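A short write-up of the structure that comes next.
Chains as they are written, first to last, in the numbering used here: chain A, 1 to 322; chain B, 323 to 644.
What follows is the structure, encoded as C-alpha cells:
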C-alpha cells in the first residue's frame, strides 16, 4: 500500500500522515510507503513504514512527472494541495494554475498509472453560495462566490467524470472550515476562524474581522482526519453517480464559539480578541454558508462534531500538549 | 458593435449570423463587423456590415492571439465552438483540450480586452443527470454523466466566476437538443434526434438507435436563435449570482415527434426510419434528462417552443425552401 499526500506539509496533511502512521494499514493492507509532498519539504513524521518528504510544485508538469516516475505508482492519493481562498481571490491566475490545472494534472498522472487509484480530493464548502437555498441541502446547485470555490467545484466535476470513466476512483469531500487549526495565520479568508481561539489561548492578541453574530459551518481537525480516512476506506461505488459530498460539520456563531472556548479554557482568552472589521475578508466569508443540513454524508458513514467545546479540548490535547 | 461567433461555421452559428444580419443592430448599436470563426472557414452570409470568415483553432493559444490581435476588441462574443458529446466521450483528452482549455483561453482573451465584453456561452442540458431529480428544476446540482456535460459545466463555473470578477459579462445557456438541425449527421450522440426527421423528409433512410418511448428535451433552431439574441440583449446583472440557466424547451417522446412530423409532412417520412439499437448511443443519451420544468428562463424573457409541429414547419420553411 503506497500512499501520496499532496499538501503534505500543511496541518491536515501532517495530522493525516500521523493518523496513518498510528494505524499502519489502509484499505485492508499494510502501508509500506507514504510520500508527503508540498511546495516546501514537509516536516518529518515517525511511522512504521518508509516516509518520503518532497519539495515539489504540482502545478508544474515536469515536477509531477518526476514525482510519479520516482515514487509511483500509488494506491491511494490524498489531494490536499491548493492555493487558499484569500490568495486565489487576490490572484485569479495563480488559483487557476494551481487549483484547476494542478488538480487536472494530478488526476491525469493518477490516470496514467493505469491502476485507477483511490483519490480523496479536498473540496470545500466554498463551492456553495449565491443563489443556493439557506440552509444548504444535498443536491443544490454549486454556485460559488469566490474563485477558490469555483476552482474547487471544477475539480469536483473532473473527479466525478474521471471516476465514471474508470481513470481513477474518486471521493470528493467538501470541507467545512476546520477550526481550531494549529500553526500560524495564513492567507485563507477563514484564517481568523482559528486564530481568535488558537492565538488567544496561547496568550496572544488576535483580530476578529467580522461581527460575533457571523455563523460558520465548521469541523474539528480530529473529525476531518477521521472523515478523510473513512473516505479512503469506503467503497467508492457507494457514492453513486456523484463522487462529491458535503462533509458533516456544525453551525455556530463566532460568539457561541467564543463562549465554548471560555467554558473550557476560562475567561482570559476572549479578552485578547480585537474587533476591527475587514471588508475584504467580510466580502469573501459572507459569500459562504453557515447552515448546512446533515444528510448523505452521515448515511455514508462520515461523522459530525458534537460541540465546539470538544474542538477546544482536542486542540489543547493534540496541538498544545504535543 | 463588433461581434465574434466561435463555431461560426456550424448551423447555429450560421443561423445566428443571418439573424444578426437581418436585424443589423444589437444592444442598441449598429453592427459594424461580424467575425465568424471555426476550424474550417465558415460559409459566407449576406449582411449590411463587414463579415470576416476565419479558419482558426481556438484551442490553440497562438491562433486565439492572432484572432484577437487582428480583429478584436469585440463587444459581444457568442461562444458556440465545442467538441460534441459523442466525440468528447470517445476522446476525453480532446474534449478537455477544446471544451475546457479552449473555453478558458477564449474567456481569458475576452478578459484581456479590458472592456468586459458580453459573452454568450453555449452550455448544454447535458450538464444535468445522475443524482439530479426528475424532472430537472432550477437550482439542482449539476451532475453530468458525460465528459461533454462535465466540460460544459466547468465552463459555466468559469463564466460565472469571471463575470463576478468583472472580467467579462457572461450569460450561459444550457441548450436542449436542437431539433430539427439542418445539414449532415455528426458525432453528437443526439445526431439521430434530427436526422430521423430531416433525412426522411428528404427521401432518405435514417436509423433511430433508441426506442420510440425515449423522451427528450428539445427546442427548434428558430427558438434557440431568438434565445441567443435575447441573452446578448438582456442586462447580464438580471441573472444574479449565477450566470447560467436552463434554456426553455419541450419534452416529447421520439414517437410523439414522429407523429408530429406525420401530421405536417404526411405518412411517407416515418416509413423511412430504421430501428437498429445502438448501445453506445443509448449509454450516452440515457444519461441525459428529458423532463425539465420551465422557470427562471421564462421569468427572464426567454421563450419556449409550443409544439414539434412548429419545428417541422420551420424546418421546411427555413432549411428546405431556402
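Note that beta-carbon positions come from the ideal geometry of N, C-alpha and C, so glycine has one too.
Bear in mind that the values here come from a model prediction, so they are computed numbers and not experimental data.
Paired residues, beta bridge with residue i - DSSP
| i | result |
| --- | --- |
| residue 385 of chain B | For residue 385 of chain B, which the question treats as bridged, DSSP gives no partner whatsoever. |
| residue 636 of chain B | DSSP, once it has assigned bridges, lists no residue as partnering residue 636 of chain B. |
| residue 216 of chain A | A/252 |
| residue 325 of chain A | In the structure as shown, chain A starts at 1 and stops at 322, and residue 325 of chain A therefore has no counterpart that could be examined. |
| residue 347 of chain B | B/352 |
| residue 614 of chain B | B/458 |
| residue 170 of chain A | A/119 |
| residue 208 of chain A | Paired residues: none, contrary to the question. |
| residue 372 of chain B | B/355 |
| residue 596 of chain B | B/529 |
| residue 55 of chain A | A/38 |
| residue 242 of chain A | In DSSP, residue 242 of chain A forms no bridge with anything. |
Rounded distance between the beta-carbons of residue j and residue i, thought under 8 angstroms
| i | j | result |
| --- | --- | --- |
| residue 428 of chain B | residue 376 of chain B | About 14 angstroms; that fails the 8 angstroms criterion. |
| residue 348 of chain B | residue 367 of chain B | Actually they do not touch by this definition, with Cβ atoms about 15 angstroms apart. |
| residue 624 of chain B | residue 561 of chain B | About 11 angstroms separates the two Cβ atoms, so there is no contact after all. |
| residue 243 of chain A | residue 171 of chain A | 6 angstroms |
| residue 250 of chain A | residue 218 of chain A | 6 angstroms |
| residue 168 of chain A | residue 111 of chain A | 6 angstroms |
| residue 311 of chain A | residue 220 of chain A | 4 angstroms |
| residue 631 of chain B | residue 586 of chain B | 5 angstroms |
| residue 129 of chain A | residue 287 of chain A | 5 angstroms |
| residue 261 of chain A | residue 269 of chain A | 6 angstroms |
| residue 324 of chain A | residue 254 of chain A | Only positions 1 to 322 of chain A appear in this structure, which leaves residue 324 of chain A out of reach. |
| residue 187 of chain A | residue 84 of chain A | 5 angstroms |
| residue 538 of chain B | residue 515 of chain B | 6 angstroms |
| residue 8 of chain A | residue 38 of chain A | 5 angstroms |
| residue 135 of chain A | residue 293 of chain A | 5 angstroms |
| residue 332 of chain B | residue 402 of chain B | 6 angstroms |
| residue 650 of chain B | residue 558 of chain B | Outside the modelled stretch of chain B, which goes from 323 to 644, sits residue 650 of chain B, for which no answer is possible. |
| residue 327 of chain B | residue 339 of chain B | 6 angstroms |
Open item on the list: Using 8 angstroms as the cut-off, can you tell me whether the region 61–79 of chain A makes contact with the region 141–152 of chain A, which would need three or more C-beta pairs spanning the two stretches below that distance?
Closed with: no
Open item on the list: Quick test of the definition: if touching needs 3 or more C-beta pairs under 8 angstroms, does the region 108–128 of chain A touch the region 149–169 of chain A?
Closed with: The region 108–128 of chain A is in contact with the region 149–169 of chain A.
- [ ] Say whether the region 177–193 of chain A touches the region 495–513 of chain B, bearing in mind that this needs 3 or more beta-carbon pairs closer than 8 angstroms, one atom from each stretch.
- [x] no
Open item on the list: Contact between the region 84–95 of chain A and the region 34–49 of chain A is defined here as three or more beta-carbon pairs at a separation below 8 angstroms; is this criterion met?
Closed with: Counting Cβ pairs under 8 angstroms, fewer than three are found: no touch.
Open item on the list: For the pair the region 276–287 of chain A and the region 224–234 of chain A, tell me if three or more CB-CB distances fall below 8 angstroms.
Closed with: no
- [ ] Report yes or no: do the region 301–317 of chain A and the region 348–361 of chain B share at least 3 C-beta pairs separated by less than 8 angstroms?
- [x] The region 301–317 of chain A vs the region 348–361 of chain B: no contact.
Open item on the list: If we require 4 or more residues per run, which alpha helix (DSSP H) segments fall completely within the region 71–135 of chain A?
Closed with: 85–90, 92–95 and 103–112
Open item on the list: Using a Cβ distance threshold of 8 angstroms, determine whether the region 189–204 of chain A contacts the region 312–320 of chain A, with at least three qualifying pairs required.
Closed with: yes
- [ ] Can you give me, in chain order, the residues of the region 235–256 of chain A that have a beta carbon less than 8 angstroms from any beta carbon in chain B?
- [x] 240, 241 and 242
- [ ] Using a Cβ-Cβ cut-off of less than 9 angstroms, give me the residues of the region 160–181 of chain A that come near chain B, in sequence order.
- [x] 160, 161, 162, 164, 165 and 167
- [ ] Using a Cβ-Cβ cut-off of less than 7 angstroms, give me the residues of the region 401–422 of chain B that come near chain A, in sequence order.
- [x] 414
Task: Segments of 3+ residues assigned as beta strand (DSSP E) that fall wholly inside the region 467–513 of chain B - done: 491–497
Open item on the list: What are the residues in the region 132–145 of chain A lying within 9 angstroms of chain B by C-beta distance?
Closed with: Result list: 132, 133, 138, 139, 140, 141, 142, 143, 144 and 145.
Open item on the list: Short of 8 angstroms Cβ to Cβ, which residues in the region 438–455 of chain B face chain A?
Closed with: 451, 452, 453, 454 and 455
Open item on the list: Taking beta-carbon pairs under 7 angstroms, can you tell me which members of the region 48–72 of chain A lie near chain B?
Closed with: none
- [ ] May I ask you to list, following chain order, the residues of the region 613–642 of chain B that have a beta carbon less than 8 angstroms from some beta carbon of chain A?
- [x] Per Cβ criterion, the list is empty.
Task: Residues in the region 187–206 of chain A having any Cβ partner in chain B nearer than 9 angstroms - done: none
Task: Cβ-based contacts, 8 angstroms cut-off: residues of the region 8–32 of chain A near chain B - done: Hits within the stretch: zero.
Open item on the list: What are the residues in the region 579–599 of chain B lying within 7 angstroms of chain A by C-beta distance?
Closed with: The residues in question: there are none.
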